[in-house]
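To start, the structure itself, in structure tokens.
In this note's numbering, the protein residues as written are 200 to 871.
Listed below in structure tokens is the structure:
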């Protein structure tokens with residue numbers, strides 16, 4: 200048998216997690232050593248030995264074989280949570296085209312000295328609420344109970360097929376989740392609950408804390424490194440049973456993981472923007488499989504990837520077709536053609552029908568939410584003399600006006616004061632174009648001076664506790680109107696809201712993304728779903744300039760099946776996921792000429808090597824070509840067989856590693 204070498208991390212709990220050491224596998228252990236296994240190795244001076252984890256196996260030594268030490272022995276004992284996470288990191292490396300170090304840094308917590316008790320972490324989200332909370336369970340309706348009963352039967356039989364709960368907005372998916380969690384906890388196993396972003400954390404944690412109390416831990420981006428590590432340690436030691444958090448909570452080192460729940464499965468926040476560019480849905484499914492755990496997803500608007508798998512029988516499909524609150528019905532949805540409003544003399548972003556409905560709700564003491572898919576005061580500032588927009592000098596985008604006083608680049612953070620003259624022609628005639636949340640607030644204050652208005656966007660929530668303060672105030676009825684961006688329409692439950700106005704329904708249709716229609720449909724359905732969640736009926740008003748578009752028509756009728764059917768037809772016609780797989784290869788660097796040259800070299804080489812094995816598109820500039828003085832070009836590859844794309848990625852990476860000039864550039868792979 201050929202020589203074998205193992206790359207080993209000596210101590211995975213410190214920041215030196217990216218430092219691996221290569222050891223020879225002795226002849227008597229050949230075939231026994233595998234990824235994730237703990238071994239004992241000589242380390243340092245003298246006869247000192249240390250324990251470490253195997254993270255990679257190879258038949259090629261990294262340096263002179265005579266200088267490579269040999270593994271002493273395997274460490275006896277059962278497979279640990281860390282072992283499974285290292286195995287998961289290896290799978291992610293192979294699946295998403297990253298290095299092992301990048302994958303390890305994603306899945307393994309870094310040790311810090313600062314620590315925080317669990318109740319302090321929960322209180323950082325809920326304030327003083329935990330002390331007041333009383334625990335209890337909610338009675339389920341028949342639809343909810345059917346799902347719970349079936350899940351329990353399948354779970355106890357050892358059936359572990361992933362499940363998708365397709366439930367309309369307000370159908371009570373969270374109550375179902377809690378019953379499933381309770382069953383798994385009674386089996387002495389642990390649970391990970393994934394939520395898409397921080398703005399959902401307050402209400403979600405509150406509801407779970409009411410039910411499970413100190414059994415829960417929270418993982419979110421605002422925790423300090425020490426707090427995050429301490430939460431992971433609590434899980435590793437069995438001191439907590441339920442971890443609630445965003446994407447990174449997936450890597451909680453539970454020793455007996457029994458269930459992963461992924462709420463709002465369709466959300467884009469579940470896709471990592473850094474290498475490895477993994478999707479939490481795929482990683483959660485793999486992790487559940489490795490731990491013999493159940494995996495349950497839920498959404499009112501499932502992603503096409505998840506729903507197509509459910510229709511194919513890969514996932515088990517459950518349906519919740521009615522709202523959980525007795526007597527509560529989905530909102531009646533109206534459409535306003537803003538082209539007609541303009542023709543009839545109304546140039547305001549508030550249609551006449553929306554103004555009428557807001558006035559009616561105010562007179563009845565009911566609440567309104569106004570959603571716009573933008574932030575800031577205006578989208579951009581341009582000169583009315585020469586027509587030039589004020590752009591970021593470091594990125595290929597316009598600057599956004601905030602508070603009428605400063606222009607900000609939302610890509611690199613570049614900020615300047617609002618200029619008095621055009622940077623191009625020195626004209627004083629600069630003006631903002633587009634409408635953002637702050638401007639909407641000012642318009643609403645003029646139209647409804649008696650209304651109490653709150654605004655929720657990145658500007659008003661930038662301070663710690665900003666999300667929670669606004670949501671809590673609105674929930675308590677301390678405001679009549681809540682204006683905001685996407686963060687106000689995702690997952691929140693305000694029984695007092697009887698009107699939702701969507702002010703710019705079609706903006707997301709123009710994004711340079713094949714998913715734009717899907718994202719628009721999801722946003723509109725989720726937005727409309729905030730209305731009428733209590734006992735009073737709700738209305739959703741959608742304002743648009745393209746009322747005939749199928750995604751908007753389907754959202755008005757709340758018809759997911761109609762949208763799915765039409766959108767999947769488009770995806771199949773254009774060979775876009777999920778009808779096939781796609782890899783996006785991006786090369787970036789400060790030397791524009793070198794970026795262009797290397798991308799052309801890659802495209803020619805791949806086309807020659809993999810003739811007729813994949814469809815190639817590009818190279819083309821990235822949607823934003825320059826960011827922070829870095830130029831970016833993209834090559835797209837489509838193929839029904841995912842393994843072929845992986846082979847292409849490995850071929851390119853090997854050539855890349857051998858090319859000296861590539862050290863001045865970066866390459867990134869994104870699979871979908």
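Heads up, the beta-carbon is just placed ideally off N, CA and C, and yes, glycines get one too.
ask   = Under the three-state reduction of DSSP, which class applies to residue 531: helix, strand or coil?
value = strand
inquiry  = Measuring only the C-alpha atoms, how far is residue 575 from residue 463?
reply    = Summary for residue 575: the model assigns pLDDT 48, below 50, so the residue's position carries little reliability, and this model does not support an answer.
query = From residue 859 to residue 797, what distance separates their C-alpha atoms?
reply = Going by the C-alpha atoms only, they are around 11 Å apart.
task = Report yes if the C-beta distance between residue 847 and residue 806 is below 8 Å; otherwise report no.
result = no
key: residue 875 versus residue 643: straight-line alpha-carbon distance, rounded   = Given a span of 200 to 871 for the chain in the structure shown, any question on residue 875 remains unanswerable.
query = Along the chain, where does the beta strand (DSSP E) that runs through residue 516 open and close?
reply = 515-519
request  = For the beta strand (DSSP E) holding residue 255, just list the boundary residues, first then last.
outcome  = 248-257
request  = Using the Cα positions of residue 842 and residue 289, report the straight-line distance between them to the nearest angstrom.
outcome  = 16 Å
query = Nearest-angstrom Cα distance between residue 588 and residue 629?
reply = 9 Å
ask   = Hey, would you say the C-beta of residue 665 is under 7 Å away from at least one heavy atom of the ligand SAH?
value = Judged by which ligands are present, the structure shown has none, so any question about the ligand SAH falls away.
Contact the region 814-828 vs the region 783-800: 3+ CB pairs below 8 Å = yes
ask   = Shortest alpha-carbon distance to residue 507 belongs to which of 206, 779, 801?
value = Minimum Cα distance to residue 507 is reached at 779.
message = According to DSSP, residue 442 sits in a beta bridge with which residue or residues?
response = 391, 416
query = According to DSSP, is residue 601 helix, strand or coil?
reply = strand
inquiry  = Tell me the DSSP secondary structure of residue 219 in three-state form.
reply    = DSSP places residue 219 outside both helix and strand once states are collapsed to three, so it counts as coil.
request  = Please determine, among 746, 840, 444, the residue with the shortest C-alpha to C-alpha distance to residue 782.
outcome  = 840
inquiry  = Do residue 708 and residue 745 have their beta-carbon atoms positioned less than 8 Å apart in this structure?
reply    = yes
inquiry  = Determine whether the beta carbon atoms of residue 252 and residue 237 lie at a separation below 8 Å.
reply    = yes
request  = Specify the secondary structure class of residue 201 as computed by DSSP and reduced to three states.
outcome  = coil
task = Just grab the DSSP bridge partners of residue 459 for me.
result = 391, 494
ask   = So, using beta-carbon positions, are residue 696 and residue 737 closer together than 8 Å?
value = yes
inquiry  = Let me confirm a value: residue 385 is counted as buried when at least 16 other C-beta atoms fall within 10 Å, else exposed. Which label applies?
reply    = exposed
ask   = In terms of alpha-carbon separation, which member of 732, 337, 472 lies closest to residue 566?
value = 732
key: Candidates 612, 594, 595: closest to residue 601 by CA position   = 612
query = Quick one: what does DSSP say residue 575 is sitting in, helix, strand or coil?
reply = Confidence is the limiting factor: at residue 575 the pLDDT is only 48, short of 50, which leaves the residue's position unreliable, though a coordinate-based value still follows. In the structure shown, residue 575 sits in coil (DSSP, three-state: anything other than H, G, I, E or B).
key: Beta-bridge pairing of residue 769 - partner residues as DSSP gives them   = In the DSSP output, where bridge partners are listed per residue, residue 769 has none listed.
Nearest-angstrom Cα separation, counted from residue 862 out to residue 791 = When the Cα atoms are used, residue 791 and residue 862 turn out to be separated by approximately 14 Å.
key: Element boundaries [alpha helix (DSSP H), containing residue 379]   = Start and end: 372-385.
Rounded separation between residue 286 and residue 256 - CA only = 12 Å
ask   = Do you know how far the Cα of residue 454 is from the Cα of residue 437?
value = 7 Å
query = Comparing alpha-carbon positions, which option in 292, 513, 482 lies nearest residue 361?
reply = 513
ask   = Hey, out of 521, 304, 865, 766, whose CA is closest to residue 447's CA?
value = 304
request  = Go to residue 849, then tell me how far its alpha helix (DSSP H) extends in each direction, as first and last residue.
outcome  = From DSSP, the alpha helix (DSSP H) with residue 849 extends over 841-857.
task = Check whether the Cβ atoms of residue 396 and residue 505 lie closer than 8 Å to each other.
result = no
ask   = Are there 16 or more other CB atoms within 10 angstroms of the CB of residue 810, so buried, or fewer, so exposed?
value = Burial call: exposed.
request  = May I ask you to list the residues that DSSP assigns as paired with residue 478?
outcome  = Partner(s): 470.
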